[in-house]
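K.L.:
There are 2 protein chains.
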Amino acid sequence: MSIDTLFNPKSVAVVGASRTDGKIGHTILANIIRGGFQGAIIPINPAAKEILGLPCFPSLGECGQEVDLVVSALPQSLVKTVVDECPKVKAKGLIVIASGYQETGPDGAILEQELVELCTRRELRLLGPNCLGFINTANNLNASFAGDMPGSGDVTLFSQSGALCSVMLDMANDRHMGLAKLVSVGNKADISGVDMLAYLAKDDDTKVIVGYLEDIVSGKNFIKAAEDAASNKPVIILKSGTTSAGLKATVSHTGILAGADTAYGAAFKRSGVIRADTFESLFDFASAFSLQPLPKGNNVRIITNAGGAGIMAADAVELAGMKVQEHGQNERKAAIQQPQKIFKPVNPVDILGDVDPGVYVTAIKAAQTDSDVDAILIVLTPQAMKRPAETASAIVTCIDGTKPIVAAFMGGHETTLLRKELVAAGLPLYKSPERAVAALKAMGEYAAWKKRPPRTVTRFKVNRRRVERILSRRQRTGMLQLGEVKGKDVLGAYGFHVPTGALASTAEEATEIAERIGYPVAMKIVSPDIVHKSDLGGVFLNVSNRESAEDTYDLMTLKIRKKVPGARIEGVYVEKMASKGLEVIIGMTRDPQFGPMLMFGLGGIFVEVMKDVTFHLAPITEQEAIQMLKSTKSYAMLQGRRGQSGVDVVAIASGLQRISQLTTDFPQILELDINPFIVGEFGSEPVVADARMTLAPLPEEK
Amino acid sequence: MSIDTLFNPKSVAVVGASRTDGKIGHTILANIIRGGFQGAIIPINPAAKEILGLPCFPSLGECGQEVDLVVSALPQSLVKTVVDECPKVKAKGLIVIASGYQETGPDGAILEQELVELCTRRELRLLGPNCLGFINTANNLNASFAGDMPGSGDVTLFSQSGALCSVMLDMANDRHMGLAKLVSVGNKADISGVDMLAYLAKDDDTKVIVGYLEDIVSGKNFIKAAEDAASNKPVIILKSGTTSAGLKATVSHTGILAGADTAYGAAFKRSGVIRADTFESLFDFASAFSLQPLPKGNNVRIITNAGGAGIMAADAVELAGMKVQEHGQNERKAAIQQPQKIFKPVNPVDILGDVDPGVYVTAIKAAQTDSDVDAILIVLTPQAMKRPAETASAIVTCIDGTKPIVAAFMGGHETTLLRKELVAAGLPLYKSPERAVAALKAMGEYAAWKKRPPRTVTRFKVNRRRVERILSRRQRTGMLQLGEVKGKDVLGAYGFHVPTGALASTAEEATEIAERIGYPVAMKIVSPDIVHKSDLGGVFLNVSNRESAEDTYDLMTLKIRKKVPGARIEGVYVEKMASKGLEVIIGMTRDPQFGPMLMFGLGGIFVEVMKDVTFHLAPITEQEAIQMLKSTKSYAMLQGRRGQSGVDVVAIASGLQRISQLTTDFPQILELDINPFIVGEFGSEPVVADARMTLAPLPEEK
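First to last, the protein sequences are chains W and U.
In this text, residue positions in the first sequence follow my numbering: the first is 1, and each later residue adds one.
In this text, residue positions in the second sequence follow my numbering: the first is 703, and each later residue adds one.
1) Can you check whether the CB of N838 (chain U) is closer than 7 Å to the CB of F739 (chain U)?
2) Just how far apart, CA to CA, sit T552 (chain W) and E570 (chain W)?
3) Can you list, in chain order, the residues of its chain with a C-beta nearer than 6 Å to that of L940 (chain U)? Leave out the 5 residues immediately preceding and following it.
4) Chain W partners of F1226 (chain U), CB-CB under 8 Å?
5) Using a beta-carbon distance cut-off of less than 8 Å, what residues from the segment 1001-1034 of chain U approach chain W?
6) Counting only beta-carbon separations shorter than 7 Å, does E434 (chain W) have a partner in chain U?
7) If the cut is a Cβ gap below 9 Å, which residues of chain W does D872 (chain U) touch?
8) At the level of alpha carbons, what is the spacing between I1013 (chain U) and M1299 (chain U)?
9) At a Cβ threshold of 7 Å, is E1285 (chain U) touching chain W?
10) Inspect the CB distances between the segment 987-995 of chain U and the segment 1089-1109 of chain U and report whether three or more fall short of 8 Å.
11) Rounded C-beta distance between I303 (chain W) and A367 (chain W)? I'm assuming under 8 Å.
12) In chain W, what lies closer than 7 Å to N1247 (chain U) by C-beta?
13) Distance, Cα to Cα, Q1039 (chain U) vs D84 (chain W)?
14) At what residues does the alpha helix (DSSP H) containing S281 (chain W) begin and finish?
15) When you compare only the Cα positions, how much space is there between R175 (chain W) and D872 (chain U)?
16) Who are the Cβ neighbours of P528 (chain W) in its own chain at under 7 Å, not counting the five residues just before and after it?
17) Going by the CB atoms, is the gap between I1215 (chain U) and A1224 (chain U) shorter than 7 Å?
18) Counting pairs of beta carbons, one from the segment 486-500 of chain W and one from the segment 687-694 of chain W, are three or more of them closer than 8 Å?
19) Quick one: which residues of the segment 279-293 of chain W get their C-beta closer than 8 Å to a C-beta of chain U? List them in chain order.
20) Taking beta-carbon pairs under 9 Å, can you tell me which members of the segment 213-242 of chain W lie near chain U?
21) Looking at the C-beta of S774 (chain U), does it have a partner C-beta in chain B at a distance below 7 Å?
22) For D876 (chain U), which residues in chain W fall below 7 Å Cβ to Cβ?
23) Between D706 (chain U) and the rest of its own chain, which residues show a CB-CB distance below 8 Å, the 5 nearest in sequence each way excluded?
24) Just list the beta strand (DSSP E) runs in the segment 1194-1270 of chain U, keeping only unbroken ones of 3 residues or longer that don't cross its boundaries, in chain order.
25) Can you tell me whether DSSP reads D665 (chain W) as helix, strand or coil?
26) Please list the terminal residues of the continuous alpha helix (DSSP H) segment that includes G153 (chain W).
27) Here's the rule: buried if 16 or more other CB atoms are within 10 angstroms of the residue's CB, otherwise exposed. What is K1067 (chain U)?
28) For I605 (chain W), go through chain U and note every residue whose CB falls closer than 7 Å to its CB, in chain order.
29) Give a yes or no on whether the C-beta atoms belonging to G39 (chain W) and S18 (chain W) are separated by under 7 Å.
30) Only counting the same chain, and skipping five residues up and downstream in sequence, which positions put a Cβ closer than 8 Å to that of A951 (chain U)?
31) Can you give me the C-alpha to C-alpha distance between G864 (chain U) and G53 (chain W), rounded to a whole angstrom?
32) Considering only the alpha carbon of each residue, which of W:A651, W:A316, W:V406 and W:E390 lies closest to P428 (chain W)?
33) Return yes when the Cβ of D1375 (chain U) is within less than 7 Å of the Cβ of G1360 (chain U), no when it is not.
34) Tell me which same chain residues have a C-beta within less than 6 Å of the C-beta of L899 (chain U), skipping the five on either side of it?
35) I'd like to know whether the C-beta of A800 (chain U) is nearer than 7 Å to at least one C-beta of chain W.
36) Answer yes if the segment 661-670 of chain W comes into contact with the segment 470-477 of chain W, meaning at least three C-beta pairs across the two stretches below 8 Å, and no otherwise.
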């Protein structure tokens, strides 16, 4: 059922409407009336004949008309009776304000589940519970107790937290930001963040989607809905709870390095969601996206009436990774030839404190016609000799929708007074250059995301059945840690190059294997009880002849038995020494919400000490994989440094894509490390030198 | 001469006072009168008999009384005549508003120099030129055209930029921040930032010093003045121009890695200056320091009326490196035993949206008596059912000056209305938890700096005379690049361990030296024309016998001659192979303002690729040197990792201290790299494996 009827009803009933000022049932009814809703408004209360001038009915069933939207202002214990009455008036939507559900614990969660089931049976879409309701400015419907009707506009805000929904409304009013809708989604029992994204993507009244979320339940659906929405219009989200990393049992490097927040970051990036870190930036960004066009590039022209403020703005632009754009040749000449010489053809353009507002206009128009300028930042400081209001009025005449223009008017009260006029004229206004620049940066990044090439995920030819057999056998026997031998077996089936080798269970076997594959060989202990082999002396490299192969076998097993008494030793893996190259780590950890997250990092210290790693959600394209490599600091190492040639980055990207395919094909793989993955020069085949995987247990049979 | 008379004059004359509204000479006079200054106010203008009700005189000399402070509102061309008249009225201070001096270029700089000299001869202290004047609320003197008189308070603002001085005044008024003084220092021709720090450190009206600076001319004096001031009261500075790195000719790693901003960062850290990155944080910090005591530790208790906002606050606290403090055992018990169960004994304390303001009070008092809590963050979201004003009034009754309390009242207009009351009651108010936390963090860092141990710089016994001889010979001959041989010579004299070695100029000599010091040896080309020896095949390691020593000599000299035709080859340096160990880089680059800046980083890729280095101004203490090591990401490498033991960090610290002493003793050393500096286990002697220095040319004789 569409949720559109919920937001655009012909008639609204408030069950639990009250005559007592201050009660929620009163506030909501009063808000609906005051908002100017033109449909039928029906208060329901058995103890009243009339409320706020409207005839009141004892129950929904007795109101004698169809009701599209029912707002329940009753306490939790009475909500069920409301739902039961809904079919009598053919209600399509229900808002449940009451708290006392999932947010209170397991008992509440059961109540909430029951409520959802009841609504589904009654064919009702449910907003809440534990919410403030919603406001829709398009039909003047304020079905909430959030506050007064905001101005009409094209930004829609939705919030999981009721209290922060109030904050958002308050902030929007304070900034004179017009809203299309304000939606308090509460516990998201039925209508979720995903539903909101899908609905708002197609909502013609909404040009910018802004959300506050504390959790995302279905990661995959979220990514799909968010990407769809972001392809249509900007989606800006503040996700809180970034640092409270959940404790998670993990043995892989990849798992250890992925923080609780990494998956959200990866998901937002994938789906084109613009992420805000604070409420202030949420609104800073929303204002720019709502009022101005996207920039075509990252060249910023700064126009200022104070040198110091210009320096600050230029600092901010450079720190944000954008460019302070010098004047073009022609423009430079024109500026110099101007008889007044009102400004120097440099950037920041300092038009000096006490000039005519017309000079701002001249400078802005010059920037608008300069093809090397992608965005314009106007900086204004209050100067006692000239009131800024006149300048503001002059500046807004320049807004033509061709290039984004943002303004930083520094100072206090006087600037605040100008905000209404400027915003109404379409100029996003900030109190500091830094915040204006942050908004420009967000616009630039979104513009770049929109221009991304189509995603084509390569499917490699692999031996899927072999992996299926290995994994299901391991899951059946409960041996969920795959060590080097089985790990390499799986990877080999997915096209990874694995050195020739075999498991020896006696010293004689070890020498036989070594002779067969040729020296030098590597010898490694194989035991389900030992994770970090090398720490315990379980790895010997460059074993170069028969005698030392035999000795190594005996010595290693002896040592391990001493160090880890009771360890089950399956034998020693003897394999061809990997050729030399650069050691990198590629791996995967499965996020409960967002699925497989791929990791890349340079081996050893770069991962362990510097934590210089990047993550990306699977499935991954070749281009994305190469982008992963490029976004590590240590990327320069891959390109080669003084006196060293680079390595085959495409081969690493291919490894990441193969892991992507493997872990997408097999959801039972929870974690995977290829460490080290040894890569050589261009055209050489990278080698899996060691590997490890963790599988999920088979679901218990009931 | 003290600048106190300038700020506290008994009489003020405005030269160039005007009857025309809008002219600077009118505004300043009007500001002085309107501000309520109780001393004599004397307008000077030959064309007027009376201005704004005051008798006007044709010239200073004709006013017939002593004038402590003269404000010149005249254009630059007339300023000299004003200075010449000053002695006639025994003036002590002069404010020059006019621009047209140093900021315009070399000609203006000469005019400014002349102005300063003239003032010095006339025993006048000069504020400006190119400034707005100053405001002193203690004597109601607004000798500026900055704007209206701000409220009285204990924060003093000073600014190098006039336009940003207006911004600061505007922002202070907007935030109801009371000011002691507002000083526009302009071009700082006489009264500089250093003078302001020294004066304000002792100014009883000033509790918090806040400055905006674009440059610092005398780094050493600045550090001293700032450290003195910061030992008395908080000094918060915004320094702009951080990214516009000046191009600087440099050959050392240290020089390349030190950005234009590195020295400022190091200087501020050394001197206890609290650095703000934006104007908003400048005021955010000032407000907290002005109104609240410093925290004793970094445990923060969060009290909120909305769960979501509490999560955001907790995120911010953790990201800032502070701790979200759980309730203590006793307090936990008390909270649980409370019959009302008004809040759960967790942190953030969520007191829920619609409770009585008294619950805030209970929660705050609990935090105040809990010895595990160092700071309290109150988060409030507007809730439609309860106006925040009542809550605000209740909260401010708790302020007792024992622990810092800061508040984040989220939302818009309503919060703004409360600000005045809250600030008046001593509660710093922020619009978001993030900004409140940033202020707490700044307070915590300043508190930690105040508790720093006394700085004792070790003086090592060294052979200073030997270095003196080497350097002056090189300076005289103009050979300012010291390569490996001479570099090691200098370092050896300062107690560094240098491998035994000698310069060979023939293959025979090379073998003789090698035989004498014992194999294996390292052989390196010595040429003043070759900086990166190893890139050109000028380094051979592990030469292990007579024959290969001879061959190496011939081969190396042959190759280098081919690769760098015309290079002056002095020979080949033959030295004992350094023992194995961890390679680090220590070095120095001399900042024009702040002098020698020491650098530390792990060798090779860590410096070249990861740029993982730290800087510190010389002279350095042992503790500071160890802190330098600890503040690199790669510090974990020094401590040893899986299966590897750590290295002698104290020995590295000692190396840094020796460089500190060397480069403090010899200002002619401009740059110095020890790369690599090979360090081993604890107790082992680190080795200078290679070194390089750049000297300053001798000053030209006149």
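From the three backbone atoms N, C-alpha and C, an ideal C-beta is built for every residue, glycine too.
P.N.:
Let me lay it out:
1) Taking the first residue of the second sequence as 1, we reach residue 739 (chain U) at position 37. Taking the first residue of the second sequence as 1, we reach residue 838 (chain U) at position 136. Not a contact, by the Cβ cut-off of 7 Å.
2) Residue mapping note: residue 552 (chain W) aligns to position 552 of the first sequence, counting from 1. Residue mapping note: residue 570 (chain W) aligns to position 570 of the first sequence, counting from 1. Rounded to whole angstroms, T552 (chain W) to E570 (chain W) spans 16 Å at the Cα level.
3) In the second sequence, the residue the question calls residue 940 (chain U) occupies position 238. The beta carbon of L940 (chain U) sits closer than 6 Å to those of Y914, A978 and L984, all from its chain and outside the five residues before and after it, given in chain order.
4) As a first step, residue 1226 (chain U) must be located in the second sequence, where it is residue number 524. It should be pointed out that residue 1226 (chain U) corresponds to Lys in this sequence rather than to Phe. Under a criterion of Cβ atoms nearer than 8 Å, no residue of chain W is adjacent to K1226 (chain U); the nearest Cβ is some 15 Å distant.
5) Listed in sequence order: N1007, A1008, G1009, G1010, A1011, I1013, M1014, A1016, D1017, E1020 and L1021.
6) To locate residue 434 (chain W), count along the first sequence from 1; it is residue 434. E434 (chain W) belongs to the set of residues whose beta carbon lies under 7 Å from a beta carbon in chain U.
7) Reading the second sequence from its first residue, position 170 is the one you call residue 872 (chain U). Result: T381, P382, M410, G411, G412, H413, E414 and T415.
8) As a working note, residue 1013 (chain U) is residue 311 in the second sequence. As a working note, residue 1299 (chain U) is residue 597 in the second sequence. The alpha-carbon atoms of I1013 (chain U) and M1299 (chain U) are separated by roughly 41 Å.
9) For the purposes of this step, residue 1285 (chain U) is taken as residue 583 along the second sequence, with counting starting at 1. At a cut-off of 7 Å between C-beta atoms, E1285 (chain U) does not count as an interface residue with respect to chain W.
10) Yes, the segment 987-995 of chain U is in contact with the segment 1089-1109 of chain U.
11) Along the first sequence, read from residue 1 onward, the residue named residue 303 (chain W) stands at position 303. Along the first sequence, read from residue 1 onward, the residue named residue 367 (chain W) stands at position 367. I303 (chain W) to A367 (chain W), Cβ: 7 Å. Contact.
12) Residue numbering aside, residue 1247 (chain U) sits at position 545 when the second sequence is read from its first letter. Per Cβ cutoff of 7 Å: no residues; N1247 (chain U) is ~24 Å from chain W at best.
13) Start at 1 with the first residue of the second sequence, and residue 1039 (chain U) comes out as number 337. Start at 1 with the first residue of the first sequence, and residue 84 (chain W) comes out as number 84. Low confidence applies to Q1039 (chain U): its pLDDT is 48, below 50, so where it sits in the model is not reliable enough to give any reading.
14) For the purposes of this step, residue 281 (chain W) is identified with residue 281 of the first sequence, where counting begins at 1. Run containing S281 (chain W): F279 to L291, per the alpha helix (DSSP H) assignment.
15) Position 175 of the first sequence, counted from the first residue, corresponds to residue 175 (chain W). Position 170 of the second sequence, counted from the first residue, corresponds to residue 872 (chain U). For R175 (chain W) and D872 (chain U), the distance between alpha carbons rounds to 19 Å.
16) By one-based count along the first sequence, residue 528 (chain W) stands at place 528. Only M479, Q481, G483 and R568 meet the Cβ criterion.
17) Counting from one through the second sequence, the residue named residue 1224 (chain U) turns up at place 522. Counting from one through the second sequence, the residue named residue 1215 (chain U) turns up at place 513. In this structure, I1215 (chain U) does not lie closer than 7 Å to A1224 (chain U) by Cβ.
18) Counting Cβ pairs under 8 Å, three or more are found: they touch.
19) Residues F279 and E280.
20) In summary, the residues of the segment 213-242 of chain W whose CB is separated from some CB of chain U by less than 9 Å are E214, L238, S240, G241 and T242, in the order they occur in the chain.
21) The structure shown contains no chain B; its protein chains are W and U.
22) In the second sequence, the residue the question calls residue 876 (chain U) occupies position 174. Going along chain W in sequence order, the residues near D876 (chain U) (Cβ under 7 Å) are G412 and H413.
23) The residue you call residue 706 (chain U) lines up with position 4 of the second sequence. The answer, listed in chain order, is Y901.
24) Fully enclosed beta strand (DSSP E) runs of 3 or longer: 1203-1206, 1223-1228 and 1241-1245.
25) Taking the first sequence and counting its residues from 1, one reaches residue 665 (chain W) at position 665. For D665 (chain W), the three-state secondary structure derived from DSSP is helix.
26) As a position in the first sequence, residue 153 (chain W) is number 153, starting the count at 1. First-last for G153 (chain W): S152 to S159, but that is the beta strand (DSSP E), not the alpha helix (DSSP H).
27) On the second sequence, position 365 is the one that residue 1067 (chain U) refers to. Burial call: exposed.
28) To locate residue 605 (chain W), count along the first sequence from 1; it is residue 605. Result: M1339.
29) For the purposes of this step, residue 39 (chain W) is identified with residue 39 of the first sequence, where counting begins at 1. For the purposes of this step, residue 18 (chain W) is identified with residue 18 of the first sequence, where counting begins at 1. In this structure, G39 (chain W) lies away from S18 (chain W), with their beta-carbon atoms at least 7 Å apart.
30) Along the second sequence, one-based indexing puts residue 951 (chain U) at 249. Any reading at A951 (chain U) must be qualified, since the residue scores a pLDDT of 49, below 50, and its modelled position is unreliable; the value itself is stated next. Counting only Cβ-Cβ distances below 8 Å, and skipping sequence neighbours, we find nothing.
31) Working through the second sequence from its first residue, we reach residue 864 (chain U) at position 162. Working through the first sequence from its first residue, we reach residue 53 (chain W) at position 53. Roughly 60 Å separates the two Cα atoms.
32) On the first sequence, residue 428 (chain W) is found 428 positions in, with the first residue counted as 1. Cα-wise, what sits closest to P428 (chain W) is W:V406.
33) Taking the first residue of the second sequence as position 1, residue 1360 (chain U) is located at position 658. Taking the first residue of the second sequence as position 1, residue 1375 (chain U) is located at position 673. The identity of residue 1360 (chain U) in the sequence shown is Arg, whereas the question assumes Gly. R1360 (chain U) places its beta carbon 7 Å or farther from that of D1375 (chain U).
34) In the second sequence, counting from the first residue as 1, residue 899 (chain U) sits at position 197. By the criterion of a C-beta distance shorter than 6 Å, L899 (chain U) is surrounded in its chain by A927, A928 and A931, once the five residues flanking it on both sides are discounted.
35) Taking the second sequence and counting its residues from 1, the one referred to as residue 800 (chain U) is at position 98. So no, A800 (chain U) is outside the interface.
36) These segments touch.
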